[in-house]
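J.: Each number in the numbering used here comes from the position in the sequence shown (counting from 1) with 81 added on. Even glycine gets a Cβ: it sits at the ideal position worked out from N, Cα and C. One structure is given below, represented as structure tokens, and several questions about it will come after.
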Amino acid sequence: MTNVKDTAAKFVSAFNAHDKAALQAIHAENIKFEAPGGVRLEGKGAVTGYAMRWLNGFPDAKIIVGNQVECDSWLVQEFTLQGTQTAPLEGPAGMIPPTGKKVSSRAVSVGRYENGQIVEARLYFDQTELMTQLGLMPELVATGS
């Protein structure tokens, strides 16, 4: 049985290398995937396509993994996505033109792994934080009490 953390590390390496073929290989044929914005995908082609849309919009994108918690075939990872949006980004609400802005956005992924592949994944990130960093929303200001 393949180690869950090793498989997750292969995904991060493939993402950071912008290696579409390696990303496709690490996704199980019938992978199920969910992300903010009502994204629900099934199948390695669709899920790899989602990752590639991010990599196309942020050609210098990379993931930096922080904490990880493993339980049986499940792995939870806290990570930061860093990159500069220099190309259009296709999102659930439509196309976001290049902003030229750098982002450093924290996120959490919850994944289930089998036989060296990701079979199920959920991605959580703060859409408001990301849109603010891209300059598409005003910064929210906390008011004092």
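Below 8 Å between beta carbons: does that hold for Y205 and T88?
T.: Cβ distance not < 8 Å, so Y205 and T88 don't count as in contact.
J.: Between the beta-carbon of V189 and the beta-carbon of V150, is there less than 8 Å?
T.: Cβ atoms of V189 and V150: not closer than 8 Å.
J.: If we ignore side chains and look at the alpha-carbon of each, how far apart do I112 and L221 end up?
T.: For I112 and L221, the distance between alpha carbons rounds to 36 Å.
J.: Once the 5 residues before and after M212 are set aside, which same chain residues still bring their CB inside 8 Å of it?
T.: Closer than 8 Å at Cβ, skipping near neighbours: M218.
J.: Which residue spans inside the segment 89-127 form an unbroken alpha helix (DSSP H) run of at least 4?
T.: Fully enclosed alpha helix (DSSP H) runs of 4 or longer: 101-107.
J.: Where does M133 sit, in a helix, a strand or coil, going by DSSP?
T.: Looking at M133 - three-state DSSP - the assignment turns out to be helix.
J.: By a C-beta neighbour count over all protein chains shown, 10 Å radius and 16 as the cutoff for buried, is T129 buried or exposed?
T.: Burial call: buried.
J.: Hey, could you find the ends of the alpha helix (DSSP H) T224 is sitting in?
T.: Premise fails: T224 is in no alpha helix (DSSP H) and is neither H nor E.
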